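With the sequence shown counted from 1, adding 1221 to any position gets you this note's numbering. Take a look at the structure below.
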Amino acid sequence: MLAICMSVGIGIGTLAAAPNTPQEITGKWTYRSFHNNKNLVTDNDQTALGLFFAEATFTFDVSADNTLKGTIDWNGGGLDLHGSVQPAASGAPLTVQIVGIGRPGTGTQDWEYDYFGYLAHSWPQGVGQVPALVGSVIRAKPHNGAPAGYVASFIAVQQ
């Protein structure tokens, strides 16, 4: 399990404006992915923590042509990212499509993960809402005995 402990301060009463252009997602995002377990978690903290697949930091740089480059980093590893951002259009939200490739000479050398996400709805009367990308991630290549094809859901919150 890829995990690092991070704390994110979100001020209640502050409202971050949702990104209007692909370039506005440039920066750091706190990333958390979850095993898609349909069972309810009731009063069991260990079971709830077991739903985490990964916790890391996305760092995005989006160019004028909506090309995305960046990294996803966690304690002990990371992937290099490339992809694209599609602006919101005709009522559809902004979307990201990203490929994460392992780094040569590291423990992630042969890894590949694909990410697809949407910018979550920005509520006009929302209190303390922070821009968030929601989507899914698939293990595109097997590694360390884990098969390709595994899918998890993710939420990434803009820092």
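Virtual Cβ for every residue (Gly too), placed ideally from N, Cα, C. Just so we're clear, the structure is a prediction, and the values are computed from it rather than from any experiment.
Taking C-alpha positions only, Arg1324 is separated from Ser1284 by approximately 22 Å.
Bounds of the alpha helix (DSSP H) holding Leu1270 are 1266-1270. With a cutoff of 8 Å on beta-carbon distance, Tyr1334 and Thr1316 are scored as not near each other.
About 14 Å separates the beta carbons of Thr1280 and Gly1298, which is beyond the 8 Å limit, so they are not a contact pair. For Ala1341, there is no enclosing beta strand (DSSP E), since its DSSP letter is neither H nor E. By alpha-carbon distance to Asp1331, the top candidate from Ser1305, Ala1310, Ala1367, Pro1314 is Ala1367. In chain order, Phe1281, Asp1282, Val1283 place their CB closer than 6 Å to the CB of Thr1247, counting only its own chain and leaving out the 5 sequence neighbours on each side. For Ser1305, the enclosing beta strand (DSSP E) begins and ends at 1298-1307.
Rounded to the nearest whole angstrom, the CA to CA distance from Pro1363 to Gln1244 is 32 Å. Looking only at Leu1270, Ile1319, Thr1288, the smallest Cα-Cα distance to Phe1255 is reached by Leu1270.
If you draw a straight line from the Cα of Gln1346 to the Cα of Asn1265, it comes to about 33 Å.
When the five nearest sequence neighbours on each side are left out, the beta carbons in the same chain lying within less than 6 Å of the beta carbon of Gly1321 are those of Ile1293, Leu1300, Leu1302, Tyr1334, in order along the chain.
Between Gln1380 and Trp1250, the CB-CB gap stays under 8 Å. Nearest Cα to Thr1242 within the set Phe1274, Arg1253, Gly1349, Ala1310: Ala1310.
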